[in-house]
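I have placed the structure first, in the form of structure tokens, so that the comments after it can refer back to it.
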Amino acid sequence: MDAAVPLFSGERFIEFEGGYDSDSRIVIKGDAPAPFTLLALVPRLKTNEAA
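Structure follows, in structure tokens:
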């Protein structure tokens, strides 16, 4: 905690390991007591057309 945290600006792409559950959740947490600003969370969904 005696050194500055390196800044990050940009996008991060993370694979979501959820399934087809109707109650899947995304949790964002840090490992240090440092503030951060989350501007957006944009899920990319893959859907299938009904036959």
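Here the sequence shown is numbered in our numbering, starting from 4 and rising by one per residue. Virtual Cβ for every residue (Gly too), placed ideally from N, Cα, C. A quick note: this is a predicted structure, and the numbers were derived from the prediction, not measured.
Annotation: residue 39 to residue 29 spans about 17 Å, alpha carbon to alpha carbon. The C-alpha of residue 41 is placed about 16 Å away from the C-alpha of residue 8. Residue nearest to residue 18 within the set 10, 53, 45 and 36 is 45 (criterion: CA-CA distance).
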